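Chemist: Dropping the structure in here first, questions after.
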Amino acid sequence: MQILSPSSHFRKGKFAKELITRKGETYYDLGLRIEYIIRKYHDPNLESQAKVLGKDLLSSGDFTFVRIYESSYRLIYSSDSEKLVFQPDLRLGGLEIEPGHWAEDSQRDLLYRNSEGKLYFQISKEDADRVIAASAGIRKSYLPREAYQGFLYIVFQRKGQEVEVLETNLTPDTPLLPTTGPSSKFISDSKKGGLEMYSLLSESSKERKFFHRPTWEKIVDGPTELFLSFPRNSQVRELLLMMAALGVSFLVLFGGLLASSLFYSIRTEARFVEREDWLKLKLELLGLFSKVRDGNR
3 MQILSPSSHF RKGKFAKELI TRKGETYYDL GLRIEYIIRK YHDPNLESQA
53 KVLGKDLLSS GDFTFVRIYE SSYRLIYSSD SEKLVFQPDL RLGGLEIEPG
103 HWAEDSQRDL LYRNSEGKLY FQISKEDADR VIAASAGIRK SYLPREAYQG
153 FLYIVFQRKG QEVEVLETNL TPDTPLLPTT GPSSKFISDS KKGGLEMYSL
203 LSESSKERKF FHRPTWEKIV DGPTELFLSF PRNSQVRELL LMMAALGVSF
253 LVLFGGLLAS SLFYSIRTEA RFVEREDWLK LKLELLGLFS KVRDGNR
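Numbering (this note's numbering), first residue to last: 3 to 299.
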């Protein structure tokens with residue numbers, strides 16, 4: 003049963019680690035920009051859509067060049083004269099990039115692997131540094147793809163007494179709490195709204211009663227604070243499921259013991275009957291021998 007499986011907790015830990023780790027990357031915001039453009043396309047892995055995607059990305063940041071490679075490292079779009087069939091560092095150089103992360107290749111260009119892990123984007127490092135410097139201090143309002151395996155998350159960054167939303171996969175009309183009313187909705191982009199949202203999530207992440215499960219789980223890593231909500235049963239339901247699982251296990255064990263005892267009784271009785279029949283046969287043979295012996299006298 004699912005209640006007895008720790009897989010959801012392993013997925014939660016892995017997902018939270020990936021989110022927090024990404025915050026330490028220099029080009030994190032640039033990766034968000036690429037992801038934002040990717041989600042406009044139904045299937046960016048198609049070569050025809052990759053060309054439109056590449057042109058869209060090229061114009062979004064005044065990049066010198068943009069190259070896109072598919073999962074087999076084959077070039078499917080290039081805005082410049084570079085026409086190498088494969089990306090050499092990925093194909094032959096052993097360069098590995100985790101989904102949603104950046105790496106520098108042997109030519110000192112940057113490679114970004116999208117969050118789904120199916121596309122690689124290559125841009126100039128100088129262009130990337132320029133874009134990051136130009137956007138410093140400007141708050142992003144990016145909303146990534148739908149929740150990963152049912153997870154909902156909001157990432158804050160604390161700056162003194164202020165908090166800033168770094169990333170979330172909630173849409174503006176997604177309820178923060180499973181209740182009705184204005185306080186249950188996603189609060190606005192303003193600083194005041196961010197503080198109110200942070201306070202609401204912090205309050206909802208506290209343990210109160212045994213049968214009350216917090217809606218959000220808070221994970222702190224330095225100035226980065228992650229609020230994570232993932233599909234799971236209520237504690238009452240989990241308790242009932244646990245009791246049901248134990249009940250089923252007990253019935254199976256009891257049934258096994260009963261069957262074993264019954265089988266042992268049947269075998270014992272069968273052996274007794276077999277011995278009784280053998281004893282009768284020996285007595286009959288002895289009687290027959292006695293009659294034969296008496297007849298010969």
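From the three backbone atoms N, C-alpha and C, an ideal C-beta is built for every residue, glycine too.
Values in this document were obtained by computation on a predicted structure and should not be read as measured data.
Given a threshold of 16 other Cβ atoms within 10 Å of its Cβ, counted over all protein chains shown, does S73 qualify as buried or as exposed?
Modeler: The residue in question, S73, is exposed, as its Cβ has fewer than 16 Cβ neighbours within 10 Å.
Chemist: Here's a check: name, in chain order, each residue in its chain whose Cβ is nearer than 8 Å to the Cβ of L112, leaving out the five neighbours to either side.
Modeler: Result list for L112: Y29, W104, A105, E106, Q124, I125, S126, K127, A130, in chain order.
Chemist: Please state the DSSP three-state secondary structure of I99.
Modeler: In this structure, I99 counts as coil in the three-state DSSP scheme.
Chemist: DSSP puts S126 in a beta bridge; with which residues?
Modeler: Per DSSP, D111.
Chemist: Does M245 pass the burial test, meaning 16 or more other C-beta atoms within 10 Å, or should it be called exposed?
Modeler: With fewer than 16 other Cβ atoms within 10 Å, it is exposed.
Chemist: Considering only residues of the same chain and omitting the five flanking positions on each side of L97, which have a CB-CB separation below 7 Å?
Modeler: Excluding sequence neighbours, L97 sits near D91, A105, D107.
Chemist: In the structure shown, what three-state DSSP assignment does T270 receive?
Modeler: It is helical.
Chemist: Quick one: is W280 buried, meaning 16 or more other Cβ sit within 10 Å of its Cβ, or exposed?
Modeler: W280 is exposed by the Cβ-count criterion.
Chemist: Using CA atoms only, rank isn't needed, just tell me which of R110, G95, I134, K53 is closest to L121.
Modeler: With distances taken between Cα atoms, L121 lies closest to K53.
Chemist: Can you round the beta-carbon distance between L21 and V157 to whole angstroms, since I take them to be within the 8 Å contact cut?
Modeler: Between V157 and L21 the Cβ distance is about 6 Å, and since that is below 8 Å, they are a contact.
Chemist: Taking C-beta to C-beta, are R160 and P216 nearer than 9 Å?
Modeler: No, the pair does not count as a contact, with Cβ atoms beyond the cut-off.
Chemist: Do L384 and L154 have their C-beta atoms closer together than 9 Å?
Modeler: Any answer about residue 384 is impossible in this case: the structure gives the chain only from 3 up to 299.
Chemist: Which parts of the stretch 19 to 106 are runs of the alpha helix (DSSP H), unbroken and 4 residues or longer, counting only runs that do not cross its ends?
Modeler: Whole alpha helix (DSSP H) segments, 4+ residues: 30 to 40, 49 to 63, 90 to 93.
Chemist: If you check the beta carbons only, do R93 and Y114 fall under 9 Å apart?
Modeler: No, these two residues do not count as a Cβ contact at 9 Å.
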